[in-house]
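>
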Amino acid sequence: MWKFIVRRLFITLPQIVLLSVLIFLMAQMMPGDALSGLIDPNIDPAAIEEQREKLGLNNPWYEQYSDWISGALKGDLGQSFVYKMPVSDLIGQRLVNTFWLSVATLIITYLIAIPLGITSGRYNDTWADQLITSYTYVGFATPLFIFALVMLWVFGYMLGWFPTSGSVAPGTEPGTFDYIVSKIQHLLLPAISMALITVVNTVQYLRSEIIDTKQKDFIITARAKGASESRVYNRHIFRNSLLPIAAFFGFEITGLIGGTVFVENIFGYPGMGQLFLQSITQRDYSVVTSVVLLFGIASILGALISDIILSLVDPRIRIK
1 MWKFIVRRLF ITLPQIVLLS VLIFLMAQMM PGDALSGLID PNIDPAAIEE
51 QREKLGLNNP WYEQYSDWIS GALKGDLGQS FVYKMPVSDL IGQRLVNTFW
101 LSVATLIITY LIAIPLGITS GRYNDTWADQ LITSYTYVGF ATPLFIFALV
151 MLWVFGYMLG WFPTSGSVAP GTEPGTFDYI VSKIQHLLLP AISMALITVV
201 NTVQYLRSEI IDTKQKDFII TARAKGASES RVYNRHIFRN SLLPIAAFFG
251 FEITGLIGGT VFVENIFGYP GMGQLFLQSI TQRDYSVVTS VVLLFGIASI
301 LGALISDIIL SLVDPRIRIK
């Protein structure tokens, strides 16, 4: 097992290095630079050029990359030209919000997906299965940003059940009970909106696993030996069908990254996704490259986690 993990780590590290190079090069190809649009046009162009020289913006790309990656390894991601603060501090503030949003979304997703998937798989081709399957088809066809807008309009503006923006009520003192309640209230609607769409993949996957497992030889044998139906489902079908869902967990992390970009902007939730789009429009390149790098590393690590869990569930996939 440890040999498998070490081999996967040796594959993961070059992927992260290549990812960092590609991200930096794509940022270099974006129009303008970190100073574009942020300096008074009446300032002497020579002074602007002097500032670019001071910041190293005129250096060859490989020198800029070397400076950027060496700083990143030390925890220094540069300075935000828009927010006038270190990028690491800025990301640290937003990362907490995105982390809790992702955790809440995952919890709600599995709380919904597992009962629906089990019901749909166990009672396949019944009215309950058809109803659940219809929901998943609608979920597959519905864009997340459209669904999130509808949820915001209905439950935020029309019914007023949830706050419509921010991550906490203004003036709430951190650490108090009211602060925690306010954080949860601001978190629930975007998390539910994401979960109700992302849940469809897990439901369909679990349904297919249960239907497939029901037809396996060891299930037929268990029934032939006189095992009760509840024992067959609880001890054999459900257990074997739920294990691959655990392996799917890492890929759920990857899916959440794209979802947070849309949802955080729609709900005005101050997280990494909102920071990412704002930094692009404001040409805050140091923030853009850092956020994309963190998103990419999260995706790679999510795939690594899935591979490790899957190797624990099914040792046959381990590379010999």
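With UniProt numbering applied, the sequence shown covers 1 to 320.
Glycine residues also receive a C-beta, built at the ideal position from the N, C-alpha and C atoms.
Note that the structure is predicted; figures quoted are calculated from it, not measured.
1) Given K320, which residues of its chain have a CB within under 7 Å of its CB, disregarding the five upstream and five downstream residues?
2) Just verifying my parser: in three-state terms, what is the DSSP assignment at P143?
3) Assuming contact is defined by CB atoms lying nearer than 8 Å, are F267 and P190 in contact in what I supplied?
4) Write down every uninterrupted run of the alpha helix (DSSP H) in the stretch 143-205 whose length is 4 residues or greater and which is fully enclosed by it, in chain order.
5) What does the Cβ neighbour count give for V181, buried or exposed, with the cut at 16 atoms within 10 Å?
6) Express the C-alpha separation of Q130 and D217 in angstroms, rounding to a whole number.
7) Ordered along the chain, which non-local residues of its own chain (more than five positions away) have a Cβ less than 8 Å from that of S102?
8) Locate the alpha helix (DSSP H) running through Y110, then write down its first and last residues.
9) So, using beta-carbon positions, are F145 and F262 closer together than 8 Å?
10) Mind reading off the beta-carbon distance from Q15 to I300? Whole number of angstroms is fine, and I expect it under 8 Å.
11) Applying the 10 Å Cβ sphere with the 16-neighbour rule, what's the burial state of E209?
12) With burial defined as no fewer than 16 other Cβ atoms inside 10 Å of the residue's Cβ, what is the status of V203: buried or exposed?
13) Here's a check: name, in chain order, each residue in its chain whose Cβ is nearer than 7 Å to the Cβ of N97, leaving out the five neighbours to either side.
14) From D213 to F140, what distance separates their C-alpha atoms?
15) First and last residue of the alpha helix (DSSP H) that includes R223?
16) DSSP beta-bridge partners for Q15?
17) Spell out whether any CB of chain B is found under 8 Å from the CB atom of L73.
18) Applying the criterion that 16 or more other CB atoms from any shown protein chain within 10 Å of the CB defines a buried residue, is F10 buried or exposed?
19) Does DSSP classify Q79 as helix, strand or coil?
20) For M194, is the classification buried or exposed, using 16 other Cβ atoms within 10 angstroms of its Cβ as the cut-off for buried?
21) Could you tell me the distance, in whole angstroms, from the CA atom of G137 to the CA atom of D307?
22) Beta-carbon within less than 7 Å of L18's beta-carbon, same chain only, minus the 5 sequence neighbours each way: which residues are those?
23) Under three-state DSSP, which class holds Y269?
24) Go ahead and pull the three-state DSSP assignment for I283.
25) Count the other C-beta atoms from every protein chain shown that fall within 10 angstroms of the C-beta of L158, then say buried if there are 16 or more, exposed otherwise.
26) Distance, Cα to Cα, L106 vs V199?
27) For Q185, collect the residues of the same chain with a Cβ closer than 7 Å to its Cβ; drop the 5 residues on either side in sequence, then sort them by chain order.
28) Nearest-angstrom Cα distance between N124 and N201?
29) Going by DSSP in three states, T126 sits in which element: helix, strand or coil?
30) Would you check if there are 3 or more beta carbon pairs closer than 8 Å linking the stretch 171-178 to the stretch 69-87?
31) Determine the DSSP secondary structure at S228, reduced to helix, strand or coil.
32) Indicate the three-state DSSP secondary structure (helix, strand or coil) for K74 in the structure shown.
33) Compare the C-alpha of Q274 against each of G71, W68, R8 and L95 and name the closest.
Inspection of the coordinates gives the following:
1) The pLDDT assigned to K320 is 48, lower than 50, so where the model puts this residue is not dependable; a value taken from the coordinates is nonetheless given after this. Taken in chain order, the list of residues that qualify is empty.
2) In the structure shown, P143 sits in coil (DSSP, three-state: anything other than H, G, I, E or B).
3) yes
4) 144-151
5) exposed
6) 27 Å
7) I253, L256 and T260
8) Unbroken alpha helix (DSSP H) run through Y110: V87 to R122.
9) yes
10) 5 Å
11) buried
12) buried
13) S167, Y269, P270 and G271
14) Looking at the sequence provided, one finds Thr at residue 213 rather than Asp. Rounded to the nearest angstrom, the two C-alpha atoms are 24 Å apart.
15) D217 to A224
16) None, per the DSSP bridge assignment.
17) Absence of chain B from the displayed structure is noted, only one protein chain being present.
18) Under this definition F10 is an exposed residue.
19) Here Q79 sits in strand by DSSP.
20) buried
21) A quick correction: the sequence has Tyr, not Gly, at residue 137. Computed Cα separation, rounded: 28 Å.
22) none
23) coil
24) Reading off the sequence shown, one finds Arg at residue 283, where the question assumed Ile. DSSP places R283 in coil when its eight states are reduced to three.
25) The sequence given here has Met at residue 158, not Leu. So M158 counts as exposed.
26) 9 Å
27) F162 and P163
28) 17 Å
29) Correct three-state label for T126: coil.
30) no
31) coil
32) coil
33) If we check each option's Cα against that of Q274, L95 comes out closest.
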